[in-house]
Each structure stands twice: as structure tokens, then as C-alpha cells.
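Here is the structure we will look at.
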Amino acid sequence: MKILVTGGTGYIGSHTCVELIKSGHEVVIVDNLYNSSITVLDAIEHITKVKPTFYQVDILDKIALNQVFLEHKFDAVIHFAGYKAVGESVSIPLTYYQNNVAGSLNLYEIMREHNVKKLVFSSSATVYGDPHTVPIKEDFPLSTTNPYGTTKLFNEMILQDLYKSDPTWSIALLRYFNPIGAHESGLIGEVPNGIPNNLLPYIAQTAVGIRDYLRVFGDDYDTVDGTGVRDYIHVVDLAQGHVKACEYVIHHESIEAFNLGTGKGYSVLQLKNAFEKASGKEVPFKIVERRPGDVATCYADPTKALELLGFKAKCDVDQMCKDSWNFQKNLK
Ligand code: NAD
Ligand code: UFG
């Protein structure tokens, strides 16, 4: 099948391109390289022996995006392109709505015009807001606490309305929990822009000495050791989930939301300890105030993805930390 991957040179997109190619699919990437590098294409080629077709196109540029659809007949689209920094979205909300909502609308309109109606959308567990209980199931109430999260929820609502208006669409809304790790080759991984907001990149940069110490945001939560608990999922597992979701939308006409997580929670200190074990490096830390907006515990019920997609995450946190370290140590 020929798959368009928007944001395909980014962190999750690049790993998904590798898994799509390994599964025999043909990949075309659209990315404006705002948060990724053209060198990712060489890395994908190195891993898979196939260089994907690439267009440096901004999804806000409707004419250029339409041209890509004129040149290719796609079987499905996986839509990653977007901005993802929660804190930044609070400072520049209009930029986030413009890119993540208006950009997506351009894509959906062009897909409709070219009769390409199979879509996998990158949503996030952030759409569950502050869940009342865990594990989180797909039918839990949805709410958001920041503009980034609202752009994800708006996309989900737009796509629900689109499906209602035309049930020949087929859409998977993938709600990721906390992706970490990197490809085992160490050739692709997450390269954070500036000071990392997320835990694992911060731990990794502390381990190589770029940061002095990890700030642990609160140790007084009602959790195993008082620090926040999250569902970390290996990015290669996540990428394989996209291949399954893509094959699902190609063979069904429906709209479904899926949690992509492991179903297991790890605390901040547990993840730090696992990283120290994997890297052999000490990660100094200080306990500081809670970070506003954080929830104590967040992990998925991954049953629906297993039942409908046949997807189950395989890697444990030790593997995730090992692969993150393998990528990080080559970066310095
Ligand atoms: P990323 O920043 O590494 O990748 C996004 C890619 O989209 C980048 O390569 C960027 O250059 C590109 N892009 C951004 N705006 C664009 C535009 N207007 N036109 C074309 N390309 C554009 O991020 P990621 O971690 O790979 O995330 C991919 C998707 O998954 C995003 O939509 C993100 O919101 C979502 N998501 C990520 C996480 C996470 O923790 N990484 C969690 C939940 C959801
Ligand atoms: N944490 C620290 N110190 C840090 C960074 C994080 O202690 O320097 C803690 C947080 O308080 C939290 C845990 O580590 O308890 C995980 O924090 P992250 O920032 O890595 O991840 P979040 O769960 O807060 O958010 C992430 C993405 C969101 C996405 C959400 C959905 O950043 O975009 O997962 O699952 F919406």
C-alpha cells in the first residue's frame, strides 16, 4: 500500500516509516522540517535500504500539499505533523491552533477532494484531562488543560463530525501515552528542541552532563514512592501500532479511538533508576515543587487495541532506557 506520512521525519514519524517499509508498504513523507532534520531520510535508508519519497512541504500550504496528492494515489494517510510542546502552547495558542487545527483541516479537505478517506491521526492521552480512575479506557470523559491538548481534542471532534457526514471514511484516533526509546540502531530517536520538557530526554541529557541534575516534580503524590506515575511505551512498539492501525483503517469503514500504551505505570524515580542501570551513569536529582497541571497517575487500559488491532506493546522499561541511551550517547 502507498502511505502518506505527514511529519514523517519527526520522532514518532521516522520510526513509523521504518516499520511501514519493513511491512512492505511504500512511504511518502511530507514534513516542513520545523522540528526535524533532512538527515533522518538517510538514517531510514540505512536501516531499511529504502529511501522514502520526501516533500519539504508545510501542511498549511494547501497548493503544495494538493500537488503531492496529484502526484501520488495514496491508500491511507498517517498524520503526525504538528507542534507538541504543552508549555509553549500556553504562550502562543494561536500558533498552535493555526498549525495543528488549520493545518489538519487543509489535509482533511485535500484528502476528501482526492477521495483518500483512510486516516490514522496522532492524538494523545492528554485528551483524558485529569482522569478520575486508572487504567484509562477509551470511553472515559474527554477534557483538556492546555491549548496543545485542545488542538488534539478539536481534531478528534472534527473527525467524528466528518465520519458522521460520510461513513465511507475510516479513521483511527491513536491516543499515545508516553513514548520514549529509540530505534535499536541508534540512528533515529528524539532530539528535543532546547531544554527538554519531558522526563526521559531530561534524564538522558543529565546522564551525559548537558544538565546538572534532574528536577523531580513532587514526591508527595499518592503513588508507590510519591513521584508521578506514567505509562511509558517504546517508540518502536508505538510505530508498530501505527502499522496495525493503518492496516485496520484500510480494511474497515469506522471511526475508533485506541489507547496505545503498555498498561503499566512507572514512577519518575523508577524510570530514573532504570536509566541509570541501562547507562551505567548516575543521574543526580533534586525533589522540587509539583509541576502545575500534572496528574499523579496516568496509565492505559490497552485492551481495545489488542482486541481490534491485534496490538500489544512488547518492550519493557529496561529496553526503552537501553535504546534511549544508545541514541543519546551518540548525539553528544
Ligand atoms: P516531532 O516534533 O518529532 O514530529 C512532528 C513533525 O511534524 C516534525 O518533523 C515537524 O517538523 C513536522 N511539522 C510540524 N508542523 C508541520 C507543518 N505545518 N507542516 C509539515 N510538517 C510539520 O513530534 P513527535 O513526538 O514525533 O510527535 C508526532 C505527533 O504525535 C504530534 O502530532 C504530537 O502532537 C503527537 N504526540 C506526541 C507525543 C510525544 O510524547 N512525543 C505524545 C502524544 C502525541
Ligand atoms: N517530570 C519530572 N521532571 C522533569 C520532567 C518530568 O519530574 O524534568 C515528571 C512529571 O512531573 C511527570 C512525569 O515526569 O510525573 C512525566 O512527565 P512528562 O513531561 O515526560 O510527560 P507528561 O505525562 O506530563 O506529558 C506527556 C506529553 C504530553 C502528552 C502526555 C500524554 O508531554 O504532550 O504525555 O500522555 F499529552
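Counting from 0, one number per residue, gives the positions in the sequence shown under numbering that gives the first Met the number 0. No residue lacks a Cβ here, since even glycine has one placed at the ideal position from N, Cα and C. Here the structure is a predicted model, which is why all the values come from computation and not from measurement.
Cα-Cα separation between residue i and residue j, rounded to whole angstroms
i	j	result
Ile187	Lys303	29 Å
Thr167	Ile20	27 Å
Ile58	Leu64	6 Å
Leu3	Thr15	11 Å
Gln269	Phe216	14 Å
Leu308	Lys243	6 Å
Cβ-based neighbour list, residue i, same chain, cut-off 7 Å, excluding 5 preceding and 5 following
i	result
Asn34	Gly9 and Asn192
Tyr201	Pro195, Arg210 and Leu213
Tyr220	Thr226, Gly227 and Ala295
is_contact[residue i, chain C] using C-beta, thresh 8 Å
i	result
Pro191	The structure shown contains no chain C; it is built from a single protein chain.
Beta-carbon proximity of residue i to residue j, cut-off 8 Å
i	j	result
Asp293	Gly208	no
Gly6	Pro51	no
Tyr265	Val190	no
Ser323	Leu199	yes
Neighbourhood of residue i by C-beta distance below 8 Å, restricted to the same chain and skipping five residues each side
i	result
Glu155	Phe120, Ser122, Val126, Leu141, Leu172 and Ala256
Ala75	Met0, Ile2, Leu3, Val115, Lys117, Leu118, Val119, Cys245, Val248 and Ile249
Leu104	Ile157
N- and C-terminal bounds of the beta strand (DSSP E) containing residue i
i	result
Pro178	Asn177 to Ile179
Arg214	Leu213 to Phe216
Phe68	It is not in any beta strand (DSSP E) - Phe68 instead sits in the alpha helix (DSSP H) that spans Lys61 to Glu70.
Phe284	Phe284 to Val287
Alpha helix (DSSP H) segment containing residue i, residue limits
i	result
Lys243	Val234 to His250
Phe326	Val316 to Leu330
Residues sharing a beta bridge with residue i, DSSP
i	result
Cys297	Arg229
Leu259	Tyr175
Lys117	Ser169
Thr52	Val27
Leu3	Val27 and Val76
Tyr265	Arg229
Ile135	Ala299
Own chain, CB closer than 6 Å to residue i, minus 5 neighbours either side, in chain order
i	result
Asp30	Gly6, Gly7 and Thr8
Phe153	Val100
Lys61	Asn105
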